[in-house]
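Q: Following our numbering, the numbering of the sequence shown begins with 202 at its first residue and continues without gaps.
Even for Gly, the Cβ is constructed at its ideal location relative to N, Cα and C.
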Amino acid sequence: MARIASEAAAAASHEENKPENDKDMRSTEASYIARGQAERARELERSLALLGSIHVRAFADGDGIAATALVTLVHRGAKLVCFVLPAAGGQRVKVGGTEVQVVTPTSPLGAALMGLSEGDEAEVPTPQGTKVYEVESVV
């Protein structure tokens, strides 16, 4: 990612991106892309460092949901498996045929889950209305 950001920065100042007149925005647009990619590279580096230092905890019956919990939720009969992490929210991975979604405590779903245990319900406001998830398991 850092290499891509560096290439985008070089492209922003390349002679092909120099404005031909005062209305030509190629250079400005290229610099916005370069800045965004550089920020994304820094964000990924911070996330990687944070995730590399995290201790995965074992959850016992009755423990409340916290970072590193693997949570199975049920919403209208459909199951959703979430891994609670402080970074990388929104990522989805397949583990043994099961799709697992990473949620962070700062996301609406993650915030609603914090501290809940098996059998509790999480109410999550969405643009389509409130969704209610039952916590089926916490491991």
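Let me check understanding here. Comparing Cα to Cα, which of Ala312, Gly237, Pro287 lies closest to His256?
A: Working through the sequence shown from its first residue, we reach residue 256 at position 55. It is Pro287 whose Cα lies nearest to the Cα of His256.
Q: So, using beta-carbon positions, are Gly311 and Gly265 closer together than 8 Å?
A: On the sequence shown, residue 311 is found 110 positions in, with the first residue counted as 1. On the sequence shown, residue 265 is found 64 positions in, with the first residue counted as 1. For Gly311 and Gly265, no; Cβs fall outside 8 Å.
Q: What span of residues does the alpha helix (DSSP H) with Thr229 cover, start to end?
A: Start at 1 with the first residue of the sequence shown, and residue 229 comes out as number 28. Its alpha helix (DSSP H) spans residues 227-253.
Q: Check whether the Cβ atoms of Val339 and Ala270 lie closer than 8 Å to each other.
A: For this step, residue 339 is matched to residue 138 along the sequence shown. For this step, residue 270 is matched to residue 69 along the sequence shown. Yes; because the gap between Cβ atoms is below 8 Å, this pair is in contact.
Q: Hey, Thr307 and Val282 are a contact pair by Cβ (cut 8 Å); roughly how many whole angstroms apart?
A: Reading the sequence shown from its first residue, position 106 is the one you call residue 307. Reading the sequence shown from its first residue, position 81 is the one you call residue 282. 20 Å between Cβ atoms; not a contact.
Q: For Tyr334 versus Val275, is the C-beta distance shorter than 8 Å?
A: Position 133 of the sequence shown, counted from the start, is the residue given in the question as residue 334. Position 74 of the sequence shown, counted from the start, is the residue given in the question as residue 275. Contact flag set, yes.
Q: Measuring straight from C-alpha to C-alpha, what distance separates Gly278 and Val304?
A: Walking along the sequence shown from the start, residue 278 turns up at place 77. Walking along the sequence shown from the start, residue 304 turns up at place 103. Going from the Cα of Gly278 to the Cα of Val304 covers about 20 Å.
Q: Give me the Cα-Cα distance between Thr229 and Glu246, rounded to the nearest whole angstrom.
A: Locating residue 229 in the sequence shown gives position 28, where the first residue counts as 1. Locating residue 246 in the sequence shown gives position 45, where the first residue counts as 1. Looking at the two C-alpha atoms, the distance is approximately 26 Å.
Q: So, for Gly263: in the same chain, excluding its five sequence neighbours on each side, which residues have a beta-carbon less than 7 Å away from its beta-carbon?
A: To locate residue 263, count along the sequence shown from 1; it is residue 62. If we look at Gly263 and ignore the five residues flanking it on each side, its Cβ neighbours are Ser318.
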